[in-house]
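Everything below concerns the one structure shown next.
Chains as they are written, first to last, in our numbering: chain H, 63 to 130; chain L, 63 to 130; chain W, 63 to 130; chain B, 63 to 130; chain Z, 63 to 130; chain X, 63 to 130.
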């Protein structure tokens, strides 16, 4: 599927941690760790595992801007 | 302010485009362009300009995972 | 791309309305109209047009439940 | 309450699964299953149960568009 | 409609500003101004006007925590 | 960090409840309780505790408007 979300950051999964309903998946994008909170069901359906290539996908309206 | 959002990607602003109410700000994070859709008011209050160092800030629950 | 978002509702695009930065795309999903607010850039990149088959894609954490 | 969210999909609850803090509620909307991740507290306050008529409510800015 | 969103802050509308597709509505909640970015369509459907009593409604998963 | 999010509601933390991956933090803002669902990791990193002064931070595009 091609998706309208503007941000698709390619990396490698470095951690998959499931809770009771919500899982945390960490993706290493060029040395930056991006954390995704998704459903356990999504982890199972996609078969997400440490070491896989994956994208962190983020809709532009969910990105804020910060300054030091 | 220290913020709970898990993802803070440091980069440099490469584009600021204002609409009537919503602006698009593009940040170059190590060669990856991240697009943020924020209010014009936020652009004005923070004084966002091309060339500034800035962070793309994203709550973990707004990050999805994609596979090729 | 396969995506972790739990909700992918298949339908047909019935309206594409661009603003200055934000567009509204309406998809008819079995007679229910679903409205998406996405960037103009996404509309252009995907070449979204009335009559196309398309999916409304929604992360589970963005869905609320209402009762009459 | 009348709400600004553009998308209110009427259906019937087919599953309520509570975790420690986050619950997953599945609503059958004309044969399409929509998954909502909401707080356990919301499930309790609204008394959500399998078989109830309910709406999946989604803000337009949280809807993406996908193409095959 | 009763809604699962945990946060419903009662106040009075103090500004309604429409763009081409996206409007900004400001609600005074006990002296704190809360800004909502919603569709123009929602403003029209609800007939939102300065001076009306209204709620700012926010899903718990969209709230972050900040410290000074 | 200065952040683009339009809504920063100052209050005091009155409850921190951790699940397996997702925590609920409640902040009393002038007598209104605001609930945030954030990661356990964020609670730990910020050292969030009952009694602390804290902000509920919300992006404008995540705020809806409701009418009675």
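Just so you know, even glycine gets a beta-carbon here, dropped at the ideal spot from N, CA and C.
- Task: Quick one: residues in its chain with C-beta nearer than 6 angstroms to the C-beta of residue 95 (chain L), no 5 flanking neighbours on either side, listed in chain order?
- Result: Along the second chain, read from residue 1 onward, the residue named residue 95 (chain L) stands at position 33. Cβ within range, chain order: 88.
- Message: Is there a C-beta anywhere in chain Z that falls below 8 angstroms from the one on residue 120 (chain L)?
- Response: On the second chain, position 58 is the one that residue 120 (chain L) refers to. Answer no: the Cβ-Cβ gap between residue 120 (chain L) and chain Z never drops below 8 angstroms.
- Message: According to DSSP, is residue 130 (chain W) part of a helix, a strand, or is it coil?
- Response: For this step, residue 130 (chain W) is matched to residue 68 along the third chain. Collapsing the DSSP output to three states places residue 130 (chain W) in coil.
- Neighbouring residues, chain H, relative to residue 123 (chain L) (Cβ below 8 angstroms): Residue numbering aside, residue 123 (chain L) sits at position 61 when the second chain is read from its first letter. Chain H residues near residue 123 (chain L): 99.
- Query: What in chain X is Cβ-close to residue 115 (chain Z), meaning under 8 angstroms?
  - Reply: Locating residue 115 (chain Z) in the fifth chain gives position 53, where the first residue counts as 1. Within 8 angstroms of the CB of residue 115 (chain Z), the CB atoms of chain X belong to 129 and 130, in sequence order along the chain.
- Message: Suppose the cutoff is 7 angstroms on Cβ atoms and the five residues either side in sequence are ignored; what does the same chain contact list for residue 67 (chain W) look like?
- Response: For this step, residue 67 (chain W) is matched to residue 5 along the third chain. So the list reads 119, 120 and 121, once near-sequence residues are dropped.
- Message: Looking only at its chain, what residues have a beta carbon closer than 8 angstroms to the beta carbon of residue 74 (chain W), apart from the 5 residues adjacent to it on each side?
- Response: Here residue 74 (chain W) is taken as the residue at index 12 of the third chain, counted from 1. 89, 90, 113, 114, 115 and 116.
- Query: Hey, would you say residue 99 (chain B) sits closer than 8 angstroms to residue 123 (chain W), going by beta carbons?
  - Reply: In the fourth chain, counting from the first residue as 1, residue 99 (chain B) sits at position 37. In the third chain, counting from the first residue as 1, residue 123 (chain W) sits at position 61. Taking 8 angstroms as the Cβ cut-off, residue 99 (chain B) and residue 123 (chain W) qualify as a contacting pair.
- Item | Beta-bridge partners of residue 73 (chain W), as assigned by DSSP | Here residue 73 (chain W) corresponds to residue number 11 of the third chain, with the count starting at 1. In DSSP, residue 73 (chain W) forms a bridge with W:116.
- Does any CB atom of chain B fall closer than 8 angstroms to the CB of residue 94 (chain H)? Locating residue 94 (chain H) in the first chain gives position 32, counting from the first residue. So no, residue 94 (chain H) is outside the interface.
- Identify whether residue 125 (chain H) lies in helix, strand or coil by the three-state DSSP scheme. Here residue 125 (chain H) corresponds to residue number 63 of the first chain, with the count starting at 1. Coil.
- CB of residue 64 (chain X) within 8 angstroms of CB of residue 128 (chain Z), strictly: Position 2 of the sixth chain holds residue 64 (chain X). Position 66 of the fifth chain holds residue 128 (chain Z). Contact flag unset, no.
- How many Å lie between residue 111 (chain H) and residue 130 (chain X) at the Cα? For this step, residue 111 (chain H) is matched to residue 49 along the first chain. For this step, residue 130 (chain X) is matched to residue 68 along the sixth chain. Rounded to the nearest whole angstrom, the C-alpha separation of residue 111 (chain H) and residue 130 (chain X) is 47 angstroms.
- Cβ neighbours of residue 125 (chain X) in the same chain (closer than 7 angstroms, five flanking residues each side left out): Position 63 of the sixth chain, counted from the start, is the residue given in the question as residue 125 (chain X). 69.
- Query: Near residue 105 (chain X), what residues of its chain come up, given a Cβ to Cβ distance below 8 angstroms and the 5 sequence neighbours on each side ignored?
  - Reply: Here residue 105 (chain X) corresponds to residue number 43 of the sixth chain, with the count starting at 1. Spatial neighbours of residue 105 (chain X) in its own chain (CB-CB distance under 8 angstroms, excluding positions within 5 residues in sequence) are listed in chain order as 78, 80, 85 and 87.
- Which chain L residues sit within Cβ distance under 8 angstroms of residue 87 (chain H)? Position 25 of the first chain, counting from 1, holds the residue named residue 87 (chain H). Neighbours of residue 87 (chain H) across chain L, judged by C-beta separation under 8 angstroms: 127.
- How would you list, in chain order, the residues of chain H whose beta-carbon sits under 7 angstroms from the beta-carbon of residue 69 (chain L)? Position 7 of the second chain, counting from 1, holds the residue named residue 69 (chain L). The answer, in chain order, is 96 and 97.
- Contact list for residue 79 (chain W) against chain Z, beta-carbon separation under 7 angstroms: As a first step, residue 79 (chain W) must be located in the third chain, where it is residue number 17. Per Cβ cutoff of 7 angstroms: 83.
- Message: Against chain H, does residue 75 (chain W) count as a neighbour if the rule is that its beta carbon must be under 8 angstroms from one of theirs?
- Response: Numbered from its first residue, the third chain carries residue 75 (chain W) at position 13. No, residue 75 (chain W) lies away from the interface with chain H (no Cβ there is under 8 angstroms from its Cβ).
- Message: Using the three-state DSSP reduction, which class does residue 99 (chain W) fall into: helix, strand or coil?
- Response: In the third chain, residue 99 (chain W) corresponds to position 37, counting from 1. Assignment of residue 99 (chain W) by DSSP, reduced to helix, strand and coil, places it in the strand class.
- Query: Any idea what DSSP makes of residue 85 (chain X), helix, strand or coil?
  - Reply: The count along the sixth chain starts at 1 and reaches residue 85 (chain X) at position 23. Strand at residue 85 (chain X).
- Can you tell me the Cα-Cα spacing of residue 93 (chain X) and residue 76 (chain W), whole angstroms? Taking the first residue of the sixth chain as 1, we reach residue 93 (chain X) at position 31. Taking the first residue of the third chain as 1, we reach residue 76 (chain W) at position 14. Residue 93 (chain X) and residue 76 (chain W): Cα-Cα distance of roughly 45 angstroms.
- Query: Is there at least one Cβ from chain H nearer than 8 angstroms to residue 103 (chain W)'s Cβ?
  - Reply: Within the third chain, residue 103 (chain W) is the residue found at index 41, counting from 1. Interface flag for residue 103 (chain W) against chain H is set, since a Cβ pair is found closer than 8 angstroms.
- Considering only C-alpha positions, which residue in the set W:103, W:107, W:101 and W:97 is nearest to residue 103 (chain Z)? The count along the fifth chain starts at 1 and reaches residue 103 (chain Z) at position 41. Taking only the C-alpha atoms, the option nearest residue 103 (chain Z) is W:97.
- Who are residue 78 (chain H)'s beta bridge partners in DSSP? By 1-based counting over the first chain, the position of residue 78 (chain H) is 16. Bridge partners of residue 78 (chain H): H:87.
- Straight-line CA distance for residue 82 (chain Z) to residue 107 (chain L)? Within the fifth chain, numbered from 1, the residue matching residue 82 (chain Z) stands at position 20. Within the second chain, numbered from 1, the residue matching residue 107 (chain L) stands at position 45. Approximately 22 angstroms between the Cα atoms of the pair.
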